Amino acid sequence: MAVPQTSRQIRKMRRDWERRARENARHYVVTGQEEWSDDEFIQSGRVTLEEEILNDLTNVCQGKDPKEMKVLEIGCGAGRVTRAFAEYFGEVYAVDISREMARQARRMTAGLPNVHVFRNNGMDLSSVRRRWWHRFGLGPRLQLDFAFSFMVFQHIPSRDVIESYVRETGRLLRPGGLFKFQVQGSSQVEPEPEETWVGAPFTEADARAMAERCGFEMRYQFGAGDQYYWLWFFKK
Ligand SMILES: C[S@@+](CC[C@H](N)C(=O)[O-])C[C@H]1O[C@@H](n2cnc3c(N)ncnc32)[C@H](O)[C@@H]1O
């Protein structure tokens, strides 16, 4: 159950990201450019796929055929990575706190039947679990093979919200499965609890403690002390 400060922060995140999405979604997703053509935006997602997935197949796929894998993306934005994932993996579940971002992600992945995009509540994966329940009822349990999040937690000022996502992802991942994600690693930036651009910073010790609390082994890390601090959490 969200404590009052967390609820306030989530409402603010939803408002702010809704505004950013309506103003210029693609720019707020990747701030390097003001204007993105469809082709450029799609290509940028393929670059992320190449850098973070294809260069890391041993950890991501662990010998599985990617077309047999169910994967999750947290904070999918306007769908650039979601689309690249859908072209590569068997089934993709994607969540985002902003209705407009989710709408654009659906548009970006239109025609790809293996993608499910949800506007979620900003802190857990209940929307994904609900959809699965409606499809399969008491049938097979949803088990994800891989989960991913990039340039999302670096914007979330609440550690409780980030940890909620990590715990929830742990519930849905199969044992041994990887959650590869990026957090804010720089302590130079001061997160404002009422702001939604600079996220809560993590040290290596913070990250390890979170992994332990949420049932993961933190096997690798890259970029400690940087804005782009990558973590490899394997479900125990
Ligand atoms: C900078 S964009 C990155 C989008 C995407 N990961 C990518 O790399 O293209 C950050 C996204 O995170 C979403 N977001 C921010 N806070 C969130 C939260 N608490 N839960 C879910 N999504 C969130 C925003 O709506 C936005 O779409």
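Going left to right, the sequence shown walks through residues 58 to 293 as the numbering used here numbers them.
Every residue, glycine too, gets a C-beta built ideally from N, C-alpha and C.
Computed from a prediction, not measured in an experiment: that's the story for all the values here.
Check: Three or more C-beta pairs under 8 Å: does that hold for the segment 82 to 93 against the segment 265 to 273?; Outcome: no
Check: Flag histidine 173 as yes when its Cβ comes closer than 7 Å to any non-hydrogen atom of ligand 1, and as no otherwise.; Outcome: no
Check: Could you tell me if aspartate 153 is buried or exposed, where buried requires 16 or more neighbouring beta carbons within 10 angstroms of its beta carbon?; Outcome: buried
Check: Label alanine 78 either buried or exposed according to how many other C-beta atoms from any shown protein chain fall within 10 Å of its C-beta, with 16 as the threshold for buried.; Outcome: buried
Check: Please give the ranges of any beta strand (DSSP E) in the segment 103 to 188, keeping only runs that are unbroken, at least 3 residues long and fully inside the region.; Outcome: 127 to 131, 148 to 153, 172 to 176
Check: With a 10 Å radius around its C-beta and 16 neighbouring C-beta atoms as the bar for buried, classify asparagine 81 as buried or exposed.; Outcome: exposed
Check: On a CA-only basis, which of Trp289, Phe259, Phe142 is nearest glutamine 245? Give me that one, please.; Outcome: Phe259
Check: Would you mind stating whether tyrosine 150 and histidine 173 have Cβ atoms separated by less than 8 Å?; Outcome: yes
Check: Round the Cβ separation of aspartate 181 and serine 221 to the nearest angstrom and send it over; I've been treating them as touching at under 8 Å.; Outcome: 6 Å
Check: Taking three-plus beta-carbon pairs below 8 Å as touching, is the segment 126 to 133 in contact with the segment 94 to 109?; Outcome: no
Check: Taking DSSP as the reference, what is the three-state secondary structure of aspartate 202?; Outcome: strand
Check: Out of Ser184, Gly147, Asn178, point me to the one whose CA is closest to arginine 72's CA.; Outcome: Asn178
Check: First and last residue of the alpha helix (DSSP H) that includes tryptophan 74?; Outcome: 61 to 86
Check: Tell me whether arginine 137, by its Cβ, gets closer than 7 Å to a heavy atom of ligand 1.; Outcome: yes
Check: Using the Cα positions of aspartate 217 and glycine 256, report the straight-line distance between them to the nearest angstrom.; Outcome: 12 Å
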